[in-house]
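*Asks:* Chains as they are written, first to last, in our numbering: chain B, 752 to 846; chain L, 197 to 568.
My structure is below; once you've seen it, I'll send some questions.
Below you can see the structure in the form of structure tokens.
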């Protein structure tokens with residue numbers, strides 16, 4: 752049985768809440784990112800590692816939507832956060 | 197809203213969320229008052245508390261005012277993150293060089309005593325190192341491209357009599373205050389910074405364990421900062437005193453022993469009294485025994501030297517001379533300040549004027565003449 756990939760904050764993130772947004776940066780990277788709306792909600796969930804299906808369920812619940820309605824945007828947001836380097840993927844896909 | 201009203205709102209913002217603060221009725225801010233209020237909120241670095249006051253409903257701002265406040269807070273938090281990035285890197289460098297150190301004030305208080313770090317802004321970085329490693333730490337900062345703002349009056353002055361030196365890197369502009377003690381003047385000489393450095397913990401920041409003072413030592417440091425940092429205490433240091441007292445794990449017996457050993461009774465009484473009085477909150481129970489410690493005339497005089505006119509007219513320097521033990525060391529202190537090396541004199545001379553030892557001698561004469 753393979754372990755699902757889980758996503759979580761990169762270990763060197765530094766962050767601050769500004770109202771309903773959050774500023775995120777990394778100690779090794781001076782770029783600063785401001786997350787708001789759904790991106791902020793997804794970010795907040797990833798202080799604890801979550802696999803994508805868990806994350807989709809949690810976000811759907813918090814927005815009062817069905818999982819299939821949010822799966823695409825959540826997946827796209829996770830990809831974007833991975834691209835920024837502020838979250839990391841944990842676990843192997845397995846063979 | 198008149199100035200008294202503005203000051204009242206400012207203090208209420210600074211106190212928001214402290215134990216014992218009553219619920220407030222919504223307070224709208226009229227257009228004429230908003231600019232001055234926002235200016236003071238920024239100047240006092242309490243944008244975080246102001247944003248929280250809006251979110252909690254008592255600071256009743258218009259949409260436009262809220263946007264302006266959020267914009268100011270965003271700038272403050274952006275800078276705090278830059279300072280923290282700096283702290284993580286410097287801590288790593290100091291650890292690699294085996295220089296013990298502790299983060300003071302700003303980042304350490306924000307991440308430990310406050311409910312969220314966004315509630316506590318800061319503008320620079322303060323690090324405490326042992327006096328025996330101070331020159332090495334200065335050297336490390338220079339090696340990593342930092343520029344020291346002022347040379348010492350004479351070599352070794354800061355380790356013997358001073359508090360700290362200020363270093364800045366041209367790439368990031370973050371000010372690093374490298375301390376060998378917590379405050380200038382007699383109290384800085386009376387405390388034992390090595391004892392404080394034996395009371396350290398870690399905080400997780402940017403993936404690293406960054407050393408900071410434990411809650412008891414941190415409370416002592418914020419008390420000193422609140423009481424002695426300015427002639428009129430600023431709101432954030434006063435809030436720090438109450439925040440650490442309420443949320444920190446403080447060993448009050450140890451703090452009492454330090455207060456007695458290091459002659460800090462007057463300082464403790466002033467800091468806690470000012471915090472409760474200015475922020476209009478009840479005094480916490482923890483420091484009760486400390487606040488009953490008898491205060492000597494010497495402590496009162498030393499405290500007075502940091503305040504008001506006395507501070508502006510050489511009070512701290514005179515009090516330092518009284519506090520330095522031994523005639524030889526007193527003479528060394530006076531000589532270093534009266535006859536500093538050329539580089540110090542040049543750095544302290546206003547642009548466009550020629551450095552002059554005569555003009556420097558005139559300063560203490562003016563102090564003596566202007567004293568009541």
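Beta carbons are placed, not taken as given, at the ideal position from N, Cα and C, and that holds for glycine.
All values reported here derive from a predicted model rather than from experimental measurement.
Quick one: what does DSSP say residue 843 of chain B is sitting in, helix, strand or coil?
*Replies:* Residue numbering aside, residue 843 of chain B sits at position 92 when the first chain is read from its first letter. Its pLDDT being 47, under 50, residue 843 of chain B is placed unreliably by the model, and nothing is read from it.
*Asks:* Of all Cβ atoms in chain L, is any one closer than 9 Å to the Cβ of residue 836 of chain B?
*Replies:* Within the first chain, numbered from 1, the residue matching residue 836 of chain B stands at position 85. Cβ-Cβ to chain L under 9 Å: no for residue 836 of chain B.
*Asks:* If you reduce the DSSP assignment to three classes, tell me which class residue 801 of chain B lands in.
*Replies:* Taking the first residue of the first chain as 1, we reach residue 801 of chain B at position 50. Correct three-state label for residue 801 of chain B: strand.
*Asks:* Please name the residues in the stretch 795-809 of chain B whose beta-carbon is closer than 9 Å to at least one beta-carbon of chain L, in chain order.
*Replies:* Residues: none.
*Asks:* Quick check: residue 532 of chain L and residue 382 of chain L, are their CB atoms within less than 9 Å of each other?
*Replies:* Working through the second chain from its first residue, we reach residue 532 of chain L at position 336. Working through the second chain from its first residue, we reach residue 382 of chain L at position 186. No, Cβ-Cβ distance for residue 532 of chain L and residue 382 of chain L is not below 9 Å.
*Asks:* Please compile the residues from chain L whose C-beta is within a distance smaller than 8 Å of the C-beta of residue 832 of chain B.
*Replies:* If you number the first chain from 1, residue 832 of chain B lands on position 81. Within chain L, no residue comes near residue 832 of chain B; the closest Cβ sits about 17 Å away, beyond 8 Å.
*Asks:* Kindly indicate the opening and closing residues of the alpha helix (DSSP H) around residue 414 of chain L.
*Replies:* If you number the second chain from 1, residue 414 of chain L lands on position 218. Residues 411-424.
*Asks:* Assuming contact is defined by CB atoms lying nearer than 9 Å, are residue 318 of chain L and residue 520 of chain L in contact in what I supplied?
*Replies:* Walking along the second chain from the start, residue 318 of chain L turns up at place 122. Walking along the second chain from the start, residue 520 of chain L turns up at place 324. Contact: no.
*Asks:* Run through chain L and tell me which residues come within less than 7 Å of residue 770 of chain B, C-beta to C-beta.
*Replies:* Residue mapping note: residue 770 of chain B aligns to position 19 of the first chain, counting from 1. Residues of chain L passing the Cβ test: 247 and 266.
*Asks:* Pick out the complete alpha helix (DSSP H) segments inside the stretch 469-510 of chain L, 4 residues or longer, and give them in chain order.
*Replies:* You should have 484-487, 493-500 and 504-508.
*Asks:* When the distance is taken between beta carbons, is residue 246 of chain L closer than 9 Å to residue 277 of chain L?
*Replies:* Residue numbering aside, residue 277 of chain L sits at position 81 when the second chain is read from its first letter. Residue numbering aside, residue 246 of chain L sits at position 50 when the second chain is read from its first letter. Cβ atoms of residue 277 of chain L and residue 246 of chain L: not closer than 9 Å.
*Asks:* What would DSSP say about residue 367 of chain L, mapped onto helix, strand or coil?
*Replies:* Taking the second chain and counting its residues from 1, the one referred to as residue 367 of chain L is at position 171. Coil at residue 367 of chain L, not helix or strand.
*Asks:* Of the residues that make up the stretch 253-278 of chain L, which ones have a beta carbon closer than 7 Å to any beta carbon in chain B?
*Replies:* Residues 266, 269, 270, 273, 274, 276 and 277.
*Asks:* Just verifying my parser: in three-state terms, what is the DSSP assignment at residue 197 of chain L?
*Replies:* Within the second chain, numbered from 1, the residue matching residue 197 of chain L stands at position 1. DSSP places residue 197 of chain L in coil when its eight states are reduced to three.
*Asks:* If the cut-off is 8 Å on Cβ atoms, which residues from the stretch 376-406 of chain L count as contacting chain B, listed in chain order?
*Replies:* Taking 8 Å as the Cβ-Cβ cut-off against chain B, the residues of the stretch 376-406 of chain L that qualify are 401, 402, 403 and 404.
*Asks:* Are the C-beta of residue 817 of chain B and some C-beta of chain L separated by less than 9 Å?
*Replies:* The residue given as residue 817 of chain B occupies position 66 in the first chain. Residue 817 of chain B does not count as touching chain L.
*Asks:* Taking C-alpha atoms, which residue in L:374, L:435, L:452 and L:504 lies nearest to residue 478 of chain L?
*Replies:* Residue numbering aside, residue 478 of chain L sits at position 282 when the second chain is read from its first letter. Minimum Cα distance to residue 478 of chain L is reached at L:435.
*Asks:* In the structure shown, what three-state DSSP assignment does residue 264 of chain L receive?
*Replies:* On the second chain, residue 264 of chain L is found 68 positions in, with the first residue counted as 1. Helix.
*Asks:* Return the CA-CA distance between residue 252 of chain L and residue 390 of chain L, expressed in angstroms with no decimal places.
*Replies:* As a working note, residue 252 of chain L is residue 56 in the second chain. As a working note, residue 390 of chain L is residue 194 in the second chain. Going by the C-alpha atoms only, they are around 42 Å apart.
*Asks:* Quick check: residue 796 of chain B and residue 809 of chain B, are their CB atoms within less than 9 Å of each other?
*Replies:* Locating residue 796 of chain B in the first chain gives position 45, counting from the first residue. Locating residue 809 of chain B in the first chain gives position 58, counting from the first residue. Contact: yes.
*Asks:* For residue 474 of chain L and residue 552 of chain L, I'd like the C-alpha separation in whole angstroms.
*Replies:* In the second chain, residue 474 of chain L corresponds to position 278, counting from 1. In the second chain, residue 552 of chain L corresponds to position 356, counting from 1. Distance between the alpha carbons of residue 474 of chain L and residue 552 of chain L is about 43 Å.
*Asks:* Measuring CB to CB, does residue 401 of chain L end up less than 9 Å from residue 300 of chain L?
*Replies:* Locating residue 401 of chain L in the second chain gives position 205, where the first residue counts as 1. Locating residue 300 of chain L in the second chain gives position 104, where the first residue counts as 1. Not closer than 9 Å, so no.
*Asks:* Since residue 760 of chain B is in the beta strand (DSSP E), which residue starts that stretch and which ends it?
*Replies:* Within the first chain, numbered from 1, the residue matching residue 760 of chain B stands at position 9. Note, residue 760 of chain B: beta strand (DSSP E), 757-760.
*Asks:* I think residue 496 of chain L touches residue 462 of chain L, with their Cβ atoms under 8 Å apart; what is that distance to the nearest whole Å?
*Replies:* For the purposes of this step, residue 496 of chain L is identified with residue 300 of the second chain, where counting begins at 1. For the purposes of this step, residue 462 of chain L is identified with residue 266 of the second chain, where counting begins at 1. Going by Cβ atoms, the distance from residue 496 of chain L to residue 462 of chain L rounds to 5 Å, so yes, they are a contact pair.
*Asks:* Could you tell me whether any Cβ in chain L is nearer than 9 Å to the Cβ of residue 844 of chain B?
*Replies:* As a working note, residue 844 of chain B is residue 93 in the first chain. With a pLDDT of only 43 at residue 844 of chain B, under 50, the local geometry of the prediction cannot be trusted, and no value is derived from it.
*Asks:* Quick check on the burial criterion: 16 or more other C-beta atoms within 10 angstroms. Buried or exposed for residue 838 of chain B?
*Replies:* Residue 838 of chain B sits at position 87 when you count from the first residue of the first chain. It counts as buried.
*Asks:* Return the Cβ separation of residue 311 of chain L and residue 213 of chain L in integer angstroms, given the expectation that the two are a contact with Cβ distance under 8 Å.
*Replies:* Indexing the second chain from 1 puts residue 311 of chain L at position 115. Indexing the second chain from 1 puts residue 213 of chain L at position 17. Rounded, the Cβ-Cβ distance is 7 Å, consistent with contact.
*Asks:* Taking residue 777 of chain B as the reference, which of L:207, L:490, L:493 and L:285 has the closest Cα?
*Replies:* Counted from its first residue, the first chain places residue 777 of chain B at position 26. Comparing Cα positions, the closest option is L:285.
*Asks:* Would you say residue 281 of chain L reaches chain B, if we count a Cβ-Cβ gap shorter than 9 Å as a contact?
*Replies:* Your numbering for residue 281 of chain L matches position 85 in the second chain. So yes, residue 281 of chain L belongs to the interface.
*Asks:* Check whether the stretch 439-449 of chain L touches the stretch 409-425 of chain L, counting contact only when three or more Cβ pairs, one atom from each stretch, lie closer than 8 Å.
*Replies:* Taking 8 Å as the limit for Cβ pairs, the verdict is that the stretch 409-425 of chain L does touch the stretch 439-449 of chain L.
*Asks:* Is there a Cβ of chain B sitting closer than 9 Å to that of residue 213 of chain L, yes or no?
*Replies:* Here the question's residue 213 of chain L lines up with position 17 in the second chain. By this cut-off, residue 213 of chain L is not an interface position.
*Asks:* For residue 321 of chain L, collect the residues of the same chain with a Cβ closer than 8 Å to its Cβ; drop the 5 residues on either side in sequence, then sort them by chain order.
*Replies:* Indexing the second chain from 1 puts residue 321 of chain L at position 125. Here the set comprises 279, 282, 283, 286, 299, 302, 303, 370, 371, 372 and 373.
*Asks:* To the nearest whole angstrom, what separates the beta carbons of residue 324 of chain L and residue 393 of chain L, a pair I think is in contact under 8 Å?
*Replies:* On the second chain, residue 324 of chain L is found 128 positions in, with the first residue counted as 1. On the second chain, residue 393 of chain L is found 197 positions in, with the first residue counted as 1. Right, the Cβ-Cβ distance comes to about 7 Å (below 8 Å), so this counts as a contact.
*Asks:* Could you please give me the residues that DSSP links to residue 375 of chain L through a beta bridge?
*Replies:* Within the second chain, the letter at position 179 stands for residue 375 of chain L. Residue 375 of chain L pairs with L:324 and L:360.
*Asks:* Leaving out the 5 sequence neighbours to the left and right, which residues in its chain are closer than 6 Å to residue 272 of chain L when beta-carbon positions are compared?
*Replies:* Numbered from its first residue, the second chain carries residue 272 of chain L at position 76. Closer than 6 Å at Cβ, skipping near neighbours: 243 and 317.
*Asks:* Taking all protein chains shown into account, decide if residue 168 of chain L is buried (16 or more other Cβ within 10 angstroms of its Cβ) or exposed.
*Replies:* Residue 168 of chain L lies beyond the residue range present for chain L, which begins at 197 and ends at 568; the question has no answer from this structure.
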